[in-house]
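Here the UniProt record's numbering is used: the first residue of the sequence shown is 1, the next is one more, and so on. The beta-carbon is built from N, C-alpha and C at its ideal position, and this holds for glycine as well. On a predicted model such as this, the values are computed, not experimentally measured, just so you know.
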Amino acid sequence: MIPGGQPNMQQLLQQAQKMQQDLAAAQQELAETPVEGSAGGGLVKATVTGSGELQGLVIDPKAVDAESGSAEEVAETVADLVLAAVRDANASAQKLQQQKLGPLAQGLGGGGIPGLSL
Numbered sequence: 001m002i003p004g005g006q007p008n009m010q011q012l013l014q015q016a017q018k019m020q021q022d023l024a025a026a027q028q029e030l031a032e033t034p035v036e037g038s039a040g041g042g043l044v045k046a047t048v049t050g051s052g053e054l055q056g057l058v059i060d061p062k063a064v065d066a067e068s069g070s071a072e073e074v075a076e077t078v079a080d081l082v083l084a085a086v087r088d089a090n091a092s093a094q095k096l097q098q099q100k101l102g103p104l105a106q107g108l109g110g111g112g113i114p115g116l117s118l
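This is how it looks when you write it as structure tokens:
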């Protein structure tokens with residue numbers, strides 16, 4: 001700080017730039033990190049990135065067993081399992097986002113840059 005209580009603008013800009021770089025790096029890491037979710041005891045597995053983009057879907061053939069009901073019932077069950085697996089994967093991705101981005105967001109709230117509050 002400069003005498004008189006004013007923050008050093010050069011120092012603030014450097015800290016803001018570092019935080020921006022850290023945030024970009026964390027976002028890139030999330031975009032590259034696979035997160036899996038499942039439903040039906042593992043009959044359906046969905047893989048999303050840490051940022052929530054669906055990357056893969058695996059449906060066990062047992063999930064589409066035609067002997068367990070009509071084609072409509074089986075299709076509805078598989079659709080429900082897919083939705084549940086994707087939701088499970090996205091919930092895990094959100095937890096990962098909080099772990100990776102939470103500390104950075106707290107820093108942006110004023111604790112990380114003296115004299116700045118958002």
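Counting only runs of at least 3 residues, the segment 64 to 107 fully encloses no beta strand (DSSP E) element at all. Per DSSP, Glu36 lies in no alpha helix (DSSP H) segment; the continuous beta strand (DSSP E) that holds it begins and ends at Pro34 to Ala39. In the same chain as Asp88, and ignoring 5 residues on each side of it, the C-beta atoms closer than 8 Å to its own belong to Gly37, Ser38, Ala39 and Ala46, in chain order. For Gly56, the enclosing beta strand (DSSP E) covers residues Leu54 to Ile59. When DSSP reads this structure, Lys45 sits in a beta bridge with Ser38 and Val58.
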